[in-house]
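Working notes, beginning with the structure itself.
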Amino acid sequence: MKYTDYYSALGVERGASADEIKKAYRRLAQKYHPDVSKEPGAEKRFKEVAEAYQTLKDPEKRAAYDALGSRPQGEEFRPPPDWTRQHGGANSERFSFDDADFADLFSRFGARGAMPGEDFEVPVEISIEDAFRGTTLSLSLSMPEYDATGKLRRVPHSVKARIAAGAVDGQRLRLPGKGGKGFQGGRDGDLYLDISLKPHRLYRATGHDLYLDLPLSPSEAALGATLEIPTLAGPVSLKVPAGTSSDRKLRLSGRGLPKPRGGAGDLFAVARIVVPGELSERERELYGQLAENSSFEPRRHFRGEET
Amino acid sequence: MSIETEVLWLDEHRVVSLRELVEISGLSEAELLELVNSGALPVRDIAGGGYSFSARVVTVARTACRLRDDFDLDTRGLGVALKLLERVRDLEEEIVRLRAQMPGS
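Here you go:
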């Protein structure tokens with residue numbers, strides 16, 4: 001296993017008082033707590049800080065940690081043979097250092113009696129197509145677990161979960177009993193999945209509604225048109241009314257993401273009027289004629305008049 | 001070997017009892033009821049003296065438990081923190097909704 005320098009994680013000296021450790025933890029927790037901070041890497045940093053504090057705030061755990069000596073961060077090491085006998089307490093026979101993480105040494109240190117297994121929260125990204133059709137996720141996780149002989153080790157877990165159609169960004173799912181194993185008869189922990197939707201090349205999702213940019217030529221916008229629109233269930237025909245300006249939203253009812261208990265959100269095609277970057281001679285001539293003959297004034301409101 | 005597992009949606013269609021919420025959130029019954037009384041945890045129904053909640057609040061209650069443990073917050077502090085987090089969540093949802101209507105790149 002790799003040594004973790006808990007004092008350096010909290011930014012304090014090895015001889016820091018309990019109060020200094022608590023203050024350092026609070027300062028860093030406020031900065032990196034995943035419920036508060038959106039900084040990139042904040043969650044990983046908070047886990048390091050919390051792991052360090054969980055050990056250093058407890059005098060018994062801190063003494064055991066200090067007894068491992070000071071080593072460079074990340075150095076490969078094994079605790080000395082007599083360390084678990086001196087510091088393992090009721091679990092001294094339970095430590096096997098094969099496949100265990102450094103944090104596992106202290107996580108259930110001094111635990112007595114039944115303890116529930118740890119809950120795990122896993123972010124999962126799915127495509128909009130998967131949210132529309134439903135999907136089966138195959139997750140590979142590594143969890144600390146006591147085996148039949150009482151040895152602590154990291155065990156790979158494969159979890160298959162069927163996500164029915166209708167998940168949206170921010171949807172939370174609970175998989176009971178699929179977290180860490182309970183200790184001495186304690187219940188198994190739960191696994192929580194935090195669903196987010198991958199960005200899509202065409203659609204932007206908000207809840208069960210979808211938004212789609214609908215590029216229109218000036219003539220289509222002015223004269224109206226019947227267009228083929230891509231939806232998640234296949235193309236449909238949409239009538240664009242004459243006189244459609246940019247940003248007008250055309251609603252395709254029930255063409256968004258399905259709702260878990262029936263019904264579906266809507267698909268909004270948002271008109272975006274686009275013009276060619278270069279005009280042919282004939283186009284330029286026709287646009288010129290249109291400009292000469294049109295009485296349309298798009299900026300009348302600049303003069304305080306209604307458009 | 002991996003076996004397909006039970007998946008519970010934490011949404012407004014699913015109902016959890018106070019006892020279930022105690023078991024899965026890590027908060028005590030007294031803490032949960034104090035959060036209910038402060039308005040930080042919405043109740044779905046109070047029938048026959050038993051509280052029931054939308055499963056959405058599981059996430060809120062678990063957040064409360066994390067904040068309690070990580071910051072040593074008391075229930076009053078938790079109530080304020082949860083209400084502020086809810087406002088942040090509402091504003092974030094509003095940003096997502098508005099961004100969805102803006103032209104894509």
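Protein chains in written order, with our numbering: chain A, 1 to 307; chain B, 1 to 105.
Glycine residues also receive a C-beta, built at the ideal position from the N, C-alpha and C atoms.
A quick note: this is a predicted structure, and the numbers were derived from the prediction, not measured.
Under a CB-based cut-off of 8 Å, is residue i close to chain A?
| i | result |
| --- | --- |
| alanine 40/B | no |
| arginine 76/B | no |
| glutamate 6/B | yes |
| alanine 100/B | yes |
| arginine 44/B | no |
| glycine 104/B | yes |
| valine 22/B | no |
| leucine 85/B | yes |
| tyrosine 51/B | no |
Please tell me whether residue i has its Cβ less than 8 Å away from any Cβ of chain B.
| i | result |
| --- | --- |
| alanine 225/A | no |
| aspartate 213/A | yes |
| valine 240/A | no |
| valine 270/A | yes |
| threonine 206/A | yes |
| leucine 175/A | yes |
| aspartate 58/A | no |
| aspartate 190/A | yes |
| proline 258/A | no |
| arginine 261/A | yes |
Which residues in chain A have a C-beta closer than 7 Å to the C-beta of residue i? List them in chain order.
| i | result |
| --- | --- |
| aspartate 70/B | Ala29, His33, Ala50 |
| leucine 67/B | Asp35 |
| arginine 97/B | Thr206 |
| leucine 33/B | Those within 7 Å of leucine 33/B in chain A number zero; the least Cβ separation is about 22 Å. |
| leucine 10/B | Arg172, Leu173, Arg174 |
Straight-line CA distance for residue i to residue j?
| i | j | result |
| --- | --- | --- |
| alanine 90/A | arginine 62/A | Only weak support exists for where alanine 90/A lies, its pLDDT of 49 falling under 50; the coordinates are left without a value. |
| lysine 31/A | lysine 2/A | 26 Å |
| leucine 193/A | glutamate 278/A | 50 Å |
| arginine 272/A | leucine 250/A | 11 Å |
| leucine 41/B | aspartate 74/B | 15 Å |
| glycine 186/A | glycine 177/A | 11 Å |
| serine 246/A | arginine 76/B | 49 Å |
| glutamate 43/A | proline 276/A | 46 Å |
| glutamine 54/A | leucine 33/B | 28 Å |
| valine 124/A | leucine 197/A | 9 Å |
| glutamine 171/A | alanine 165/A | 12 Å |
| alanine 50/A | glutamate 228/A | 54 Å |
| leucine 252/A | phenylalanine 268/A | 6 Å |
| proline 81/A | leucine 105/A | 14 Å |
| aspartate 90/B | arginine 204/A | 18 Å |
| lysine 47/A | arginine 300/A | 59 Å |
| serine 17/A | glycine 74/A | 25 Å |
| isoleucine 21/A | valine 36/B | 33 Å |
| leucine 10/A | leucine 78/B | 24 Å |
| aspartate 11/B | glutamate 220/A | 42 Å |
| histidine 33/A | tyrosine 146/A | 29 Å |
| glutamate 281/A | leucine 214/A | 27 Å |
| leucine 27/B | threonine 59/B | 12 Å |
Output, in chain order, the set of chain A residues within a Cβ distance shorter than 8 Å of residue i.
| i | result |
| --- | --- |
| leucine 91/B | Under the 8 Å cutoff, chain A gives no residues; its nearest Cβ is about 12 Å from leucine 91/B. |
| valine 58/B | Arg172, Arg174 |
Residues of chain B with a CB under 8 Å from the CB of residue i: which are they?
| i | result |
| --- | --- |
| isoleucine 163/A | Val7 |
| lysine 178/A | Thr5 |
Would you say the beta carbon of residue i is closer than 7 Å to some non-hydrogen atom of the ligand MN?
| i | result |
| --- | --- |
| alanine 161/A | No copy of the ligand MN appears in this structure; indeed no ligand is present at all. |
So is residue i in contact with chain E if we call contact Cβ pairs under 8 Å?
| i | result |
| --- | --- |
| arginine 26/A | Of the protein chains in the structure, A and B, none is chain E. |
Going along chain B in order, which residues have a C-beta closer than 9 Å to the C-beta of residue i?
| i | result |
| --- | --- |
| arginine 154/A | Going along chain B, no residue has its Cβ under 9 Å from arginine 154/A, so there is no contact; the nearest lies around 17 Å. |
Q: Examine the Cβ distances between the stretch 172-192 of chain A and the stretch 154-162 of chain A and report whether three or more of them are shorter than 8 Å.
A: Counting C-beta pairs with one atom in each stretch, the stretch 172-192 of chain A and the stretch 154-162 of chain A have three or more that are closer than 8 Å, which means they touch.
Q. Which residue spans inside the stretch 23-91 of chain B form an unbroken beta strand (DSSP E) run of at least 3?
A. Counting only runs of 3 or more, we get 45-47, 50-54.
**Q.** Minimum length 4: unbroken alpha helix (DSSP H) runs contained in the stretch 127-191 of chain A
**A.** Here the runs fully enclosed are 128-133.
Q: Assess, as a yes-or-no matter, whether the stretch 50-60 of chain B is touched by the stretch 10-18 of chain B under the definition of 3 or more beta carbon pairs within less than 8 Å.
A: Contact between the stretch 10-18 of chain B and the stretch 50-60 of chain B is present, because at least three Cβ pairs lie under 8 Å.
**Q.** Contiguous alpha helix (DSSP H) assignments of at least 4 residues, all confined to the stretch 208-254 of chain A
**A.** Listed in chain order, they are 218-223.
Q: For the stretch 254-273 of chain A and the stretch 136-147 of chain A, state whether three or more C-beta atom pairs, one from each stretch, are separated by less than 8 Å.
A: The stretch 254-273 of chain A is not in contact with the stretch 136-147 of chain A.
Q: Decide yes or no for the touch test of the stretch 113-129 of chain A against the stretch 17-30 of chain A: beta carbon pairs closer than 8 Å, at least 3 of them.
A: Short answer: they don't touch.
Q: Spell out a yes or no on whether the stretch 236-246 of chain A and the stretch 112-122 of chain A are touching, meaning 3 or more CB-CB pairs, one atom from each, closer than 8 Å.
A: As far as the Cβ criterion goes, the stretch 236-246 of chain A does not touch the stretch 112-122 of chain A, which means the pair count is below three.
**Q.** Sequence ranges, beta strand (DSSP E) only - wholly within the stretch 14-102 of chain A, length at least 3
**A.** For the stretch 14-102 of chain A, not a single whole beta strand (DSSP E) run of length 3 or above is found.
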